[in-house]
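A quick write-up on the structure given underneath.
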Amino acid sequence: MVTIRVKGGIPEGCESLCRTCTRGHIITGFRATEEEVFCKTFYIEREIRFPVRECTFYEDRRLASKEDMEEIAWKLRSTTTKPNQSLGFVSAAQLQEIESAAAEIASTNADELKPIG
């Protein structure tokens with residue numbers, strides 16, 4: 001059996017990380033050779049002239065970022081005002097009661113802090 005080795009070649013079927021990176025900017029033309037890849041990590045976009053296998057700044061755009069997950073996360077509230085109580089889900093009516101009670105406390109605290117005069 002004959003084994004063929006290509007030095008300096010890239011494995012077939014491996015895509016550059018830039019294609020799935022949040023910072024990758026790819027411009028593709030009609031021909032296979034018409035493609036420009038830029039990286040937005042740096043202050044000035046930098047052209048990348050080779051397929052990237054590994055990058056320390058890589059952020060997969062197919063996965064949610066920490067900020068995105070925090071934005072869609074459920075907010076858990078305590079159903080009591082006692083400290084060290086377990087957190088859990090509350091109904092919409094209970095949430096309105098808790099928020100209105102917190103608003104009343106905040107408004108009374110604000111009234112107490114107003115300067116007299």
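Position one of the sequence shown corresponds to residue 1 (the working numbering), numbered consecutively onward.
The beta carbon of each residue, even a glycine, is placed where N, CA and C say it ideally should be.
{"Check": "Contact set for Thr22: own chain, Cβ-Cβ below 6 Å, skip 5 residues either direction", "Outcome": "Glu59, Arg61"}
{"Check": "Rounded straight-line distance, which links the Cα of Glu70 to that of Ala101", "Outcome": "25 Å"}
{"Check": "Same chain only: Cβ atoms within 6 Å of Val37, ignoring 5 sequence neighbours per side", "Outcome": "Cys18, Ile26, Ile48"}
{"Check": "Beta-carbon separation (whole angstroms), Thr28 vs Glu34, contact threshold 8 Å", "Outcome": "7 Å"}
{"Check": "Rounded straight-line distance, which links the Cα of Ala32 to that of Val52", "Outcome": "18 Å"}
{"Check": "Inter-residue spacing [alpha-carbon to alpha-carbon] between Ile44 and Leu63", "Outcome": "25 Å"}
{"Check": "Alpha-carbon spacing of Lys98 relative to Ile105, whole angstroms", "Outcome": "According to the sequence shown, residue 98 is Ile rather than Lys. If you take the alpha carbons of Ile98 and Ile105, they lie about 11 Å apart."}
{"Check": "For Arg62, three-class secondary structure by DSSP", "Outcome": "coil"}
{"Check": "When Ala92, Phe50, Phe57, Ser91 are compared against Glu15, the one with the closest alpha-carbon", "Outcome": "Phe50"}
{"Check": "Cα-Cα separation, Gly24 to Ser65", "Outcome": "16 Å"}
{"Check": "Through-space distance from Cys55 to Arg5, alpha-carbon basis", "Outcome": "26 Å"}
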